[in-house]
Amino acid sequence: MSNWFKLEKGSTQYSTAKEYLELKRNIEEKASEYTEKYIKTDGAWYYKTWGLAVWITGFNTSENPANHTLVDGEYRPVEGTDCYKDFEEIPSISIEKMHEIQDGLNISKHVVYQPGFKQKEDEIYIKIDPHYLASREGYKEIF
0 MSNWFKLEKG STQYSTAKEY LELKRNIEEK ASEYTEKYIK TDGAWYYKTW
50 GLAVWITGFN TSENPANHTL VDGEYRPVEG TDCYKDFEEI PSISIEKMHE
100 IQDGLNISKH VVYQPGFKQK EDEIYIKIDP HYLASREGYK EIF
């Protein structure tokens, strides 16, 4: 079994995945803009390598960027600077929202699991081990 499923259009799972992918894309774009402007690196690389936690907790870089201080091994923008305001405007996904997303995708809350997604136009595919699913409602198995 490949563990890839097509989400059925109109299902709660499809709507939830679509919302999650839009949120994720928005976070990636804002984080990338921020790092290119203030950190002088490609934020997309950091996002794809380290995930949402980097954008929620700060940036891990090899040099001390201007207007940033080192806090617990990560660089945070200094309060009152332009970069602080821009950093605070980067959206994040709360734990509560992640639980909503898990519920909407029928993923069991007993595990911390991030499924893979592919989107082709208006079709959404998800890669997930079926034993993490509380229910297969809204999922169409593909081979």
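Residues 0 to 142 (numbering that gives the first Met the number 0) are what the sequence shown spells out, left to right. The beta carbon of each residue, even a glycine, is placed where N, CA and C say it ideally should be.
ask   = CB-CB under 7 Å to Lys108, same chain, minus the five flanking residues each way: which ones, in chain order?
value = His98 and Gln101
query = Among residues of its own chain, excluding the 5 on either side of Lys139, which ones have a beta-carbon nearer than 7 Å to its beta-carbon?
reply = Phe4, Lys5 and Glu7
inquiry  = Please state whether the Cβ-Cβ distance between Gly115 and Thr11 is less than 8 Å.
reply    = no
inquiry  = Give me the residue from Tyr74, Gly9 and Glu21 with the minimum Cα distance to Tyr37.
reply    = Tyr74
key: Which listed residue (Ser93, Ile125, Ile89 and Tyr33) has its alpha carbon closest to that of Asn66   = Tyr33
task = Can you give me the Cβ contacts of Lys29 inside the same chain, cut-off strictly under 6 Å, excluding the 5 residues immediately before and after it?
result = Ile89
ask   = For Gly103, which residues from the same chain have a beta carbon less than 6 Å from its beta carbon, with the 5 sequence-adjacent residues on both sides left out?
value = Thr11 and Thr15
query = Given a threshold of 16 other Cβ atoms within 10 Å of its Cβ, counted over all protein chains shown, does Ile127 qualify as buried or as exposed?
reply = buried
ask   = Which residues share a DSSP beta bridge with Leu132?
value = Ile106
task = Kindly indicate which three-state DSSP category Glu140 falls into: helix, strand or coil?
result = strand
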